[in-house]
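The listed protein sequences correspond, in order, to chains A and B. Quick note: the first sequence uses the working numbering, first residue 1, plus one each step. Quick note: the second sequence uses the working numbering, first residue 1001, plus one each step. Accompanying notes for the structure given below.
2 protein chains.
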Amino acid sequence: MPLDNPFYSAAAQGPYELHSLGRFELEEGEVIPDLRLAYTTHGVLDADRGNAILIPTWFSGSHQTWEQMYIGPGRALDPEKYFIVIVNQIGNGLSTSPHNADDPSIAMSRFPRVRIGDDVRAQERLLRELFGIERLALVVGGSMGAQQVWEWAVRFPEKVLRAAPIAGTAQNTPHDFLFTATLNDAITSDPGWAGGDYASNLDVAAGLGRHADIWAVVGLTTDFWKTEFWRTLPPLVEGETWDGAGFQDFQERFLRALFRMMDPNALLSMGWKWQRGDVARNTGGDLAAALGRVTARTFVMPIDRDQFFPPADCRAEQELTPGAELRVIPSIMGHMGLFGFEQELLDAVDANLKELLAAEV
Amino acid sequence: MPLDNPFYSAAAQGPYELHSLGRFELEEGEVIPDLRLAYTTHGVLDADRGNAILIPTWFSGSHQTWEQMYIGPGRALDPEKYFIVIVNQIGNGLSTSPHNADDPSIAMSRFPRVRIGDDVRAQERLLRELFGIERLALVVGGSMGAQQVWEWAVRFPEKVLRAAPIAGTAQNTPHDFLFTATLNDAITSDPGWAGGDYASNLDVAAGLGRHADIWAVVGLTTDFWKTEFWRTLPPLVEGETWDGAGFQDFQERFLRALFRMMDPNALLSMGWKWQRGDVARNTGGDLAAALGRVTARTFVMPIDRDQFFPPADCRAEQELTPGAELRVIPSIMGHMGLFGFEQELLDAVDANLKELLAAEV
């Protein structure tokens, strides 16, 4: 029986639709008996279906941040011009996930291993089945969303006219693998996790808190903490303020509180997937060959102070991608700049996406 | 009864002496009934006692790395010219520490909280009592050793002619506090830690392994892992090689194996101290006033790719210190460049220390 977790609801994340793909075979050989993808759309699809934009989601995220921070009239992702589809990744808590699986064969600790390629294949089917979309004006995503953007551009080059991987790589690095391992271990080392068969995410509060603490170190930056930039962030709980708070209060009431609401197995499922993101799986391990397949007009958009998808790693992939350009995005928040709390970052993302969308392909 | 841990022995760390300071009152108000400092010396003290150099140690380290990597004839730290004293910090496993305390009132979980200022006061007494040293030609240290260098320069400005804090700050940052908290929590979340009263460090192997894994992410760099720079490091166990090893094998057989040999309470004692390093405690919280006291000729030497004592944080302190110069040291290993496995780093440290030692004061 699925666990009840109010964090994964329309009330908490904003409204969404579910599309069932039925039986779905995974790259690792296991099967999801009825794969359901949670998605939202914004705008109207042109008659020629030429104005579609796809946004896959990042680790621990949903469609919500994209809707609240990045999509709007006059923005690059303008629903008055484009038909924008945001698809929640498999295992994120809204699409089919360990805690919400009806089928006991894949519930909780029995949830199969899912890869980036599974998400991309599922999204491709969703776009065709629901909307008849065969080509995308743009695929854009951040972090694990960027991993999916890269996979789209390599796996379906004829379908992707433009690609914007933000703060993520095509081939996960060893450093990133080790970082994600520390995130996963923070959860699995909590006795309350119980091998994945806990009765409530609240049983794993300690592990989720340690998970959040590692994010605070690697996902943000020393300047974010030193300058108390966090005081500019909206408190998680409406009505609260940061008056009188110190940095440890912020950590407790923001990142720890946020991650404790999440499902541990969802984070582990996404973590496993993130660790193994690699477009070179399409080309027998040859990264240059994989990126050489890309025909999309591509802007590679790392965040300047990102500590685990740093610009240097993104630049190396940009240089292997035909015609790709490097556009570095500024954020004092490092990787977590993706939250979109800084106007400077939003402006930079918008300017680059507008230029990319205006580019001939 | 002290725990037996062969890692903290002359056989493992190289020979050392012990000096007892007797009853020692700590800044936090507690007492170490008989504080013993483990130290080594190299070279001969001049008749005028003008050639003394002090080296305090870093987190988890001892005198050994300094002796093996940084001290030698022809080097900046030349025992043919200088009288070099390396003092192991309190709680490091060789000086009085939780696991080796004879007195049950301070053994294991009852070990009192020690601050950087306690180490510096203890070192000052050791130098006077044993050698009659009243002035130091140089105080140099890395990481937590740099915290002690800064404390020396602020607390005893008349005694420090030259100061070289390498890869460490005078005032710990919130980011660094949070990082160290993740290191501590990796240990204390292991049920085997048992509130600090384990029977053997081996009972805490899982927690020590997670501790090592966080070091692998924040203490090193993405390029260290991506370029497999680790293949150039000597295996921990003599006779082993990295042939056929992958990066996860390296992590298991190097950092995890190394930290698992250590004492959990020693790491926690040092971690607590590190989190609270702050020279502004000498000036009512005013960092500028504290650094304004420094009269030593000071080279501030961050490591270029250090992720938790980054150059920007060190530069901010250098700019507050009268006459101080910023000398950035290169290392693909980031903070762990301090291990001294790169000739380029050793050359850069030597060149800067030679220039500093040659400078008039």
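Glycine is no exception: its CB is placed at the ideal position from the N, C-alpha and C atoms.
Residue closest to residue i, alpha-carbon to alpha-carbon, out of the options
i	options	result
L1018/B	V1031/B, S1097/B, G1323/B, G1043/B	S1097/B
L353/A	M336/A, P311/A, M301/A, I332/A	M301/A
W152/A	N172/A, A122/A, D176/A	A122/A
I1303/B	A1348/B, D1286/B, D1249/B, D1176/B	A1348/B
L1236/B	G1029/B, R1253/B, D1249/B, A1245/B	R1253/B
A206/A	G219/A, L255/A, V361/A, R155/A	L255/A
D1190/B	L1202/B, F1179/B, T1180/B	L1202/B
T221/A	L1183/B, G1192/B, F1229/B, F1177/B	F1177/B
F1339/B	N1051/B, T1040/B, Q1064/B	Q1064/B
D34/A	N100/A, S62/A, G192/A	N100/A
F1247/B	A1199/B, T1232/B, L1326/B	T1232/B
T227/A	V1204/B, T1188/B, H1175/B, P1264/B	H1175/B
G1292/B	A1047/B, D1350/B, G1323/B, G1195/B	G1323/B
F1229/B	G1337/B, S1105/B, E1360/B	G1337/B
S62/A	P104/A, A10/A, S105/A	A10/A
L326/A	G334/A, M333/A, R315/A	R315/A
Assigned secondary structure, residue i (DSSP; H/G/I helix, E/B strand, else coil)
i	result
H1042/B	strand
I1084/B	strand
L1328/B	According to the sequence shown, residue 1328/B is Val rather than Leu. Here V1328/B sits in coil by DSSP.
H19/A	strand
T298/A	strand
L258/A	helix
A52/A	strand
R162/A	strand
E1344/B	helix
E1025/B	strand
R389/A	What is shown of chain A runs 1 to 361, which leaves residue 389/A out entirely.
L1127/B	helix
V349/A	helix
D1362/B	Examination of residue 1362/B is not possible in this model, given that chain B is present from 1001 through 1361 alone.
V114/A	coil
Minimum Cβ-Cβ distance from residue i to chain B less than 7 Å
i	result
D185/A	yes
H42/A	no
T241/A	no
T222/A	yes
L178/A	yes
D249/A	no
D313/A	yes
D388/A	What is shown of chain A runs 1 to 361, which leaves residue 388/A out entirely.
I303/A	no
Beta carbon of residue i nearer than 7 Å to that of residue j
i	j	result
T1298/B	T1283/B	no
V43/A	P79/A	Per the sequence presented here, residue 43/A reads as Gly, with Val not at that position. Against a cut-off of 7 Å, the Cβ pair of P79/A and G43/A comes out as a contact.
A296/A	A280/A	no
L1161/B	A1137/B	yes
V114/A	L26/A	yes
A167/A	D306/A	yes
T173/A	D313/A	yes
V1204/B	P1264/B	yes
Q171/A	D278/A	yes
L1045/B	F1083/B	yes
S1109/B	D1197/B	yes
R1125/B	L1021/B	yes
P311/A	V328/A	yes
Cβ of residue i within 7 Å of any chain A Cβ
i	result
D1119/B	no
I1332/B	no
K1226/B	yes
V1217/B	yes
F1083/B	no
P1174/B	yes
R1210/B	yes
P1310/B	yes
I1214/B	yes
T1182/B	yes
Check: residue i C-beta below 6 Å from any heavy atom of the ligand GDP
i	result
L127/A	With respect to the ligand GDP, the structure shown offers nothing to examine, as it has no ligands at all.
Count Cβ pairs between the segment 135-153 of chain A and the segment 57-71 of chain A that sit closer than 8 Å; are there 3 or more? yes
Within 8 Å, do at least three Cβ pairs link the segment 1085-1093 of chain B to the segment 1262-1277 of chain B? yes
Using 8 Å as the Cβ pair cut-off and three pairs as the minimum, do the segment 1256-1263 of chain B and the segment 1212-1220 of chain B touch? yes
For the segment 39-54 of chain A against the segment 6-25 of chain A, do three or more pairs of beta-carbon atoms, one drawn from each stretch, fall closer than 8 Å, so that the two count as touching? yes
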